[in-house]
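Using the numbering used here, you'd call the opening residue of the sequence shown number 63 and step up by one each time.
We put the beta carbon where it would ideally sit given N, CA and C, even for glycine.
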Amino acid sequence: MGLVGGILGFCLGLPIGLAAAYFVYLRYFAARRLRQDPVIRPLRDLDSETLQTTIPDIPLWVKSPDYERVDWMNKFIFDMWPFLDKAICNNIKRATRPIFDQYVGQYGIESIEFGQLTLGSLPPTFQGIKVYEMQEKELVIEPAIRWASIANIIVNAKVHSFEVSVQLEDLHIMLTPRVTLKPLVPTFPCFASLCVSLMDKPHIDFGFKMLGADVMAIPGLYQYVQDQISKQVSILYHWPKAIQIPILDGASGATKKPVGILHVKVIKAMHLLKMDLLGKSDPYVKMHLSGERIPSKKTTVKMSNLNPEWNEHFRFIVKDPDTQVLELHMFDWEKVKMHDKLGMQVIPLRFLTPYESKLFTLDLVRSMNPNDPQNKKNRGKLIVELTFDPFREDSSRTSMVSAGEGNASVRREADSESNGGVLLVSVENAEDVEGKKHTNPYAEVLFRGERKKTKAQTLDYVQVIRKTRDPRWSEEFQFMVDEPPMEDKIHIEVKSKRRGLPFRNKASHGCWLPCLQESLGHVNINLLDVVNNGRINEKYHLINSRNGTIHVEIKWSTV
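Below you can see the structure in the form of structure tokens.
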């Protein structure tokens with residue numbers, strides 16, 4: 063019996079003694095260690111071993127010249143933190159309220175609410191920020207963030223009339239996210255989405271108590287939980303994986319890119335109104351695609367004809383077929399006075415099926431106001447044919463559209479016209495351009511005889527960016543072609559326009575333009591690589607310029 067009693071006493075006394083010693087350590091010694099003031103010494107006074115252990119705590123702007131010091135941002139966040147703390151906590155309460163309500167009434171849970179919610183008085187700090195220079199329309203930054211908070215979050219739950227409290231405290235976080243703002247657009251806040259990914263495994267530390275007991279003090283549990291949290295966060299968001307947060311929705315129009323080509327065939331009109339004294343009209347059709355700033359397109363004028371036939375083809379670049387509409391306006395041409403309006407009509411592009419030609423017979427109305435009494439008047443009919451060809455996602459240049467049997471609409475095969483597409487030329491900026499007499503630069507794009515210029519043109523005077531050697535335009539030009547420009551080149555020239563009124567001189571033989579313009583350099587870009595790869599985004603050295611460069615992005619989209 064003595065042996066059995068000794069064994070039982072040892073088995074029961076050892077764990078009780080260890081538990082008592084552990085709680086005494088937590089109560090008296092661990093708390094005392096936490097309350098000790100830190101020892102602060104200059105880095106030059108540290109030995110090599112201590113310095114190696116201290117290196118992770120040194121700010122990145124000290125260790126790496128790529129990171130910039132942002133004390134002003136930390137000062138701003140520190141001053142704003144009392145207000146940010148309350149605002150963030152209120153948002154957390156509003157966001158978690160529906161989640162808590164889902165569990166009330168289940169598993170015997172009677173209520174769930176925050177007993178206390180505060181992020182503490184210490185805000186996150188930026189140890190440095192690294193900014194990348196990108197040729198894309200995006201901004202990439204990498205901030206090093208550390209947050210040694212004294213947050214205190216208590217959640218109280220009542221289960222079968224028994225109070226249960228869970229407490230999260232002393233949250234410490236160290237992470238280095240990569241934040242990408244893309245694409246950059248001319249609509250506030252000037253970027254359409256925000257992508258966040260982690261460059262390194264994050265360090266997360268916190269205290270967790272349940273019913274007043276420190277759960278994280280259990281031997282082995284603290285390190286396991288910390289490793290699992292860091293591992294799971296890394297799996298979800300470690301680069302190249304990222305979480306994307308949309309900032310601007312599609313309605314803003316900031317993120318819209320061309321998705322296809324709209325083919326419009328204006329066939330004929332019938333029974334138009336008589337506007338001239340001789341009982342005739344001189345009609346023509348003016349077309350415009352909603353949401354676009356490009357000039358409207360017009361048919362030819364049919365003189366003295368109330369039943370004109372055109373059979374003329376036009377093309378428009380489509381960015382949003384679900385919301386865009388084609389506006390058609392019929393006018394009576396006048397030589398002197400303002401052209402009289404014969405009628406109008408609109409066609410929503412959502413009525414079209416890709417690659418299918420659809421015939422529309424439209425009753426012309428005075429306006430799109432349904433309460434306009436003038437709409438009851440018979441203004442004639444307009445017949446048009448529309449086809450929407452979406453851009454292909456693959457790089458192949460040949461495809462065949464099968465013909466469906468029993469379909470009233472006409473299905474087209476992918477003939478030579480389907481090998482065409484749209485060439486999108488984005489002139490971003492130039493650097494180190496300098497004129498001999500003046501530097502007021504603008505860019506001019508020439509492709510297959512079609513000439514386009516950055517900024518607006520008014521009365522043949524080009525609006526320029528004045529007095530700068532590093533102009534930024536960020537303008538996009540569209541060229542529709544019937545076949546891939548495999549052997550073509552695009553000519554881009556940076557020119558300077560003298561300020562002030564034009565004047566004649568003897569050297570120009572009475573010509574105004576040579577007195578105003580000066581070439582600052584040009585570049586000829588071969589489009590073969592654009593067609594094969596679908597896109598190029600490069601900086602080019604300007605010919606006839608000492609150090610000038612121009613940044614151009616060119617995309618090729620086929621239908």
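Around the C-beta of K559, are 16 or more other C-beta atoms found within 10 angstroms, so that it is buried, or is it exposed? K559 counts as buried, since at least 16 other C-beta atoms from the protein chains shown sit within 10 angstroms of its C-beta.
3-residue-minimum beta strand (DSSP E) runs that sit fully inside the region 261-294, ordered along the chain: Counting only runs of at least 3 residues, the region 261-294 fully encloses the following beta strand (DSSP E) elements, listed from N- to C-terminal order: 265-272.
Coarse secondary structure for S126, derived from DSSP in three states: S126 falls in the coil class under three-state DSSP.
Does the region 183-200 come close enough to the region 220-233 that 3 or more CB-CB pairs lie under 8 Å? Two segments are said to touch when three or more pairs of C-beta atoms, one from each, lie closer than 8 Å; by this definition the region 220-233 does not touch the region 183-200.
Whose C-beta lies closer than 6 Å to the C-beta of P239 among residues of the same chain, with five residues either side of it excluded? Same-chain partners within the cutoff: V258, L260.
Since K319 and K381 should fall inside the 8 Å C-beta cutoff, what is the C-beta to C-beta distance between them, to a whole number of angstroms? Yes, K319 and K381 are in contact; Cβ-Cβ is about 7 Å, under 8 Å.
Counterpart residues of N599 in DSSP-defined beta bridges: As a beta-bridge residue in DSSP terms, N599 pairs with E615.
Between the beta-carbon of V427 and the beta-carbon of M406, is there less than 8 Å? Yes.
Skipping 5 residues on each side, what residues in its chain have a beta carbon closer than 6 Å to that of S296? Its chain contains K263 as the residues whose beta carbon lies nearer than 6 Å to that of S296, once the 5 sequence neighbours on both sides are disregarded; these appear in chain order.
Where does I409 fall in DSSP's three states? I409: strand per DSSP, three-state reduction.
May I have the straight-line CA-CA distance separating H375 from V326, to the nearest angstrom? Cα to Cα, the separation comes out at about 6 Å.
Cβ-based burial, D451 [other Cβ within 10 Å; buried from 16]: Label assigned to D451: buried.
Residues near V193 in its chain [Cβ-Cβ closer than 6 Å; skip 5 each side]: Hits under 6 Å: I203.
Hey, could you find the ends of the alpha helix (DSSP H) D147 is sitting in? From DSSP, the alpha helix (DSSP H) with D147 extends over 133-165.
Measuring alpha carbon to alpha carbon, tell me which of D289, N594, A219, M236 ends up nearest I174. Of the candidates D289, N594, A219, M236, the one whose C-alpha sits nearest the C-alpha of I174 is A219.
Report buried or exposed for W301, applying the criterion of at least 16 other Cβ atoms within 10 angstroms of its Cβ. Result: exposed.
Nearest-angstrom beta carbon gap, M542 and V484 [assumed within contact, 8 Å]: Contact flag correct, Cβ pair sits at about 6 Å.
Please state whether DSSP places Y417 in a helix, a strand or coil. In the structure shown, Y417 sits in coil (DSSP, three-state: anything other than H, G, I, E or B).
Relative to the alpha-carbon of L590, which residue among I605, V614, L243, W618 has its alpha-carbon at the smallest distance? When the alpha-carbon of L590 is set against those of I605, V614, L243, W618, the nearest one is in W618.
What's the gap between the Cα of N491 and the Cα of I323? Going from the Cα of N491 to the Cα of I323 covers about 28 Å.
Among the residues of its own chain, which have a CB less than 6 Å from the CB of W209, if the five just before and after it don't count? The beta carbon of W209 is closer than 6 Å to those of P186, I235 in its chain, skipping five residues each way along the sequence.
Residue from L404, F393, K364, L411 whose Cα sits closest to the Cα of L351: For the residues L404, F393, K364, L411, the minimum Cα distance to L351 belongs to L411.
By DSSP, does Q579 sit in helix, in strand, or in coil? Note: Q579 maps to strand in three-state DSSP.
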